Every structure is written in structure tokens, then in C-alpha cells.
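J.:
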Amino acid sequence: MASNRFNTGPGPSQRQLRVGELIRRTLSDVLLRGDVHDPDLNRHSITVGEVRTSPDLKVATAYVLPLGGHDAEEALAALRRNTRELRHLVAKDMSLKYAPNLRFVLDETFDRMDDTRRIFADERVRRDVEGDEDFEAGPNDDRQP
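Take 263 as the starting number for the sequence shown in this note's numbering and just add one per residue.
1) Between Met263 and Gly282, what straight-line distance do the alpha-carbon atoms span, to the nearest angstrom?
2) Span of the beta strand (DSSP E) holding Asn363?
3) Could you check the C-alpha separation between Ser275 and Thr315 for me, to the nearest Å?
4) By how many angstroms is the C-alpha of Leu284 removed from the C-alpha of Ala353?
5) Use the C-beta contact count for Ala322: other C-beta atoms within 10 angstroms, 16 or more gives buried, fewer gives exposed.
6) Give the C-beta separation of Phe366 and Leu327 to the nearest angstrom, bearing in mind that I take them to be a contact with Cβ-Cβ under 8 Å.
7) For Asp297, which option in Asp384, Lys359, Asp355 and Val391 has the closest C-alpha, if you only look at C-alpha atoms?
8) With a CB to CB cut of under 6 Å and the five nearest residues on each side skipped, what residues in its chain are close to Val313?
9) If you scan the segment 309 to 345 from start to end, which runs of the alpha helix (DSSP H) of 4 or more residues do you find wholly inside it?
10) Please state whether DSSP places His306 in a helix, a strand or coil.
11) Please report the distance separating the alpha-carbon of Phe382 from that of Ile308.
12) Among Lys320, Leu351, Gly330 and Thr345, whose alpha-carbon lies nearest the alpha-carbon of Gln278?
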């Protein structure tokens with residue numbers, strides 16, 4: 263198998279990023295239009311935050327979250343039940359040679375952002391981040407703290 267001589271880093275290649283974004287947009291459109299014939303899935307408004315693809319583009323992992331985060335497990339179960347139909351609908355709208363297998367995972371990014379905001383709102387952390395003005399002098403500054 264040929265190696266990719268341009269992607270030497272640990273992150274995804276440019277092609278993986280482009281294909282992941284294309285799948286994300288297409289999957290979002292399919293879910294928004296309600297093309298899937300499952301009333302359990304169509305009653306949820308699902309946000310597709312990110313899609314990561316494997317290096318060979320055979321597997322796409324979609325990070326999803328229902329609007330407001332309510333009934334997340336139920337929405338995830340409905341997505342997993344309809345994976346074959348979703349894969350078919352996504353492949354029909356894309357111009358890839360092979361349709362990737364879709365996997366669905368709950369997106370926890372919003373929870374982590376809330377935790378980060380809560381940490382930065384803490385008085386001790388704000389004091390550390392803002393710092394003491396007396397100690398912000400540069401290395402050549404003559405002032406003494």
C-alpha cells in the first residue's frame with residue numbers, strides 16, 4: 263500500500279477533513295428534511311457537530327446531539343437503528359466512490375464547554391488568569407514586585 267508522503271503528522275489528512283465535512287453537511291440535510299421513514303427519529307431535531315473519518319475513508323463517526331440534549335440516548339438508538347437507510351441517503355447525495363459506514367456517538371463538546379465556563383467563572387481561577395499587575399513586569403523592567 264502506498265504511503266501518504268505529505269501527511270506526516272498525527273492528525274487527520276486534508277482529504278479526511280474535507281470528506282468528513284461533506285458527510286456532516288449531507289447528513290444534517292438528510293436529518294433536517296426528515297427523509298428517513300422512522301417517526302421516532304423524525305421527531306428529534308438532531309445536531310451533527312462533527313464527522314471524523316478513518317484514514318481509508320471507509321468509516322465515518324458522526325458526533326450528534328439532539329436539540330437541547332433531551333432524550334439523547336433515545337435519539338442515538340433511533341440513529342443506530344436507521345444506519346443503513348442513512349448511509350444510503352448520504353451516499354446518494356455525495357460524489358464518493360464508496361459510501362462510508364456510519365457510526366453515531368453522542369457529542370459531549372457542549373458539556374465540556376459548560377464545564378470550562380464554570381471553571382473560568384470561579385473567583386480563584388479568574389484571579390490566577392488575570393494575574394497580579396505587580397508581577398507582570400518584563401525581564402528588563404527595573405520595578406520590584
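Even for Gly, the Cβ is constructed at its ideal location relative to N, Cα and C. Just so it is clear, the structure is predicted and the values come from calculations on it, not from any experiment.
T.: Let me spell this out:
1) Residue numbering aside, residue 263 sits at position 1 when the sequence shown is read from its first letter. Residue numbering aside, residue 282 sits at position 20 when the sequence shown is read from its first letter. Below a pLDDT of 50, predicted positions are generally treated as unreliable, and Met263, at 47, falls in that range; the measurement from the model is reported next regardless. Taking the straight line joining both Cα atoms gives about 23 Å.
2) Within the sequence shown, the letter at position 101 stands for residue 363. Taken as a continuous stretch (DSSP letters only), the beta strand (DSSP E) holding Asn363 covers Asn363 to Leu368.
3) Counting from one through the sequence shown, the residue named residue 275 turns up at place 13. Counting from one through the sequence shown, the residue named residue 315 turns up at place 53. So the alpha carbons of these two residues sit roughly 10 Å apart.
4) Here residue 353 refers to the residue found at position 91 when the sequence shown is read from its first residue. Here residue 284 refers to the residue found at position 22 when the sequence shown is read from its first residue. The alpha-carbon atoms of Ala353 and Leu284 are separated by roughly 11 Å.
5) Here residue 322 refers to the residue found at position 60 of the sequence shown. Under this definition Ala322 is a buried residue.
6) Position 104 of the sequence shown, counted from the first residue, corresponds to residue 366. Position 65 of the sequence shown, counted from the first residue, corresponds to residue 327. Not confirmed; about 10 Å, so no contact.
7) Position 35 of the sequence shown, counted from the first residue, corresponds to residue 297. Taking only the C-alpha atoms, the option nearest Asp297 is Asp355.
8) Taking the first residue of the sequence shown as 1, we reach residue 313 at position 51. Result list for Val313: Gly282, Ile285, Arg286, Ala322 and Ala324, in chain order.
9) As far as the segment 309 to 345 is concerned, its whole alpha helix (DSSP H) runs of at least 4 residues are 334 to 343.
10) Locating residue 306 in the sequence shown gives position 44, counting from the first residue. Per DSSP, reduced to three states, the secondary structure at His306 is coil, with no helix or strand assignment.
11) Position 120 of the sequence shown, counted from the start, is the residue given in the question as residue 382. Position 46 of the sequence shown, counted from the start, is the residue given in the question as residue 308. Roughly 29 Å separates the two Cα atoms.
12) Taking the sequence shown and counting its residues from 1, the one referred to as residue 278 is at position 16. Checking every option, the nearest Cα to that of Gln278 belongs to Lys320.
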